[in-house]
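Everything on this sheet refers to the single structure shown next.
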Amino acid sequence: MTGAADESTASQVLSDAQVVLRPWTREDARFLVEASADPAIREYNGDHDRQGRPVPPPSTAQAQAMIAKFREHLDVFTVSGIPTGVVFLIEDAESGDPIGCCGVDSWTGEDVAQIGYWLVPGGRGRGHATRAVVLLTTWLFVLGAARVVLTVVAGNESSAAVARRAGFVHEGTMRSHAVWQGRRRDVLWFAALPSEWPSRTPGRALLT
Ligand SMILES: CC(C)(COP(=O)(O)OP(=O)(O)OC[C@H]1O[C@@H](n2cnc3c(N)ncnc32)[C@H](O)[C@@H]1OP(=O)(O)O)[C@@H](O)C(=O)NCCC(=O)NCCS
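This is the structure we're talking about:
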């Protein structure tokens, strides 16, 4: 990777006028528990068994353990410069309310980053997921990502719209790549390259 982490990453915050991406704290456990019970978040994010059945939502203690892991990954990042597992809480900048989550699922040895995201129902419908994806992707390019990818299960139109609105290109469809409730489903593959990105800013992404 060509970029480098510095001390400021320990309190890493990314923001525009409308959303703030900040590290999770132990006090956010209740929010994580409640969000994890949302049917759409259970379908499209989180862990599933081999039949595609979502695991039960976490208890408060389990949510605290998950948040501790997020923070460990941030600590590793400050030393290694590799942001695998770094997860941000998305806040509404105006109200300060937590509304969602986005983060880095993986960073390969060839500097390809994969990201994911969700919003609770009350945070949807205002462009905040798109803004968060633009902020996160811009940050990853600054860190040296050669490519940022995300996947969307076929039929999740609102998520595919976020990818497109943020400036990602639909590169293809992986047939029968996922399982949901015992049924095989196609998965759409989206990517963004830094050479296509310089003109993207959160505000501009939403105007196109
Ligand atoms: C996917 C998900 C994050 C999309 O949320 P979203 O609110 O639709 O996306 P955005 O926050 O970018 O908002 C876009 C919506 O706000 C509207 N909007 C309103 N003001 C806007 C503005 N200023 N700028 C952009 N969009 C605006 C858009 O028209 C769009 O609504 P539409 O779909 O009815 O046209 C959300 O549905 C979700 O969390 N789902 C469950 C989990 C999930 O699918 N995760 C992704 C896995 S790949």
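Residue numbers (our numbering): 529 to 736. Where a beta carbon is used, it is the ideal one built from N, C-alpha and C, also for glycine.
Residue pairing by DSSP puts Ser634 in a beta bridge opposite Gln642. For Asp620, the enclosing beta strand (DSSP E) stretches over residues 615-620.
The continuous alpha helix (DSSP H) containing Ala557 extends over residues 557-564. Taken in chain order, the complete alpha helix (DSSP H) segments of 4 or more residues contained in the region 676-726 are 685-694. With contacts defined by Cβ atoms closer than 9 Å, Val670 and Phe696 do not form a contacting pair.
Relative to Ile610, the option among Trp717, Val640, Val661, Trp708 whose CA is nearest is Val640. Non-local beta-carbon contacts of Asp633 in its own chain, meaning distances under 7 Å to residues more than five positions away in sequence, involve Gln642, Ile643, Gly644 in chain order. DSSP places Pro551 in no alpha helix (DSSP H) but in the uninterrupted beta strand (DSSP E) bounded by 547-551. Annotated three-state conformation of Pro567 is helix, per DSSP.
Ligand 1 has no heavy atom closer than 8 Å to the beta-carbon of Thr606. In this model, Glu724 and Ala706 are separated by some 29 Å (Cα to Cα). His656: member of the alpha helix (DSSP H) spanning 656-671, first to last residue.
Judged by DSSP in its simplified three-state form, Ile595 adopts helix. Straight through space, the alpha carbons of Ala591 and Leu716 are spaced by roughly 29 Å. When secondary structure is reduced to three states using DSSP, Pro626 falls in the strand class. Rounded to the nearest angstrom, the gap between the Cα atoms of Asp575 and Thr612 is 17 Å. Within the model, the alpha-carbon separation for Glu622 versus Glu562 is close to 22 Å. Under the three-state reduction of DSSP, Pro584 is assigned to coil, being neither helix nor strand. Secondary-structure assignment with DSSP links Ser543 through a beta bridge to Val548. Looking at the backbone, the Cα of Pro649 and that of Gln540 are separated by about 26 Å. Around the C-beta of Ala689, fewer than 16 other C-beta atoms lie within 10 Å, and the residue is accordingly described as exposed. A straight-line Cα-Cα distance of about 26 Å links Thr588 and Phe605.
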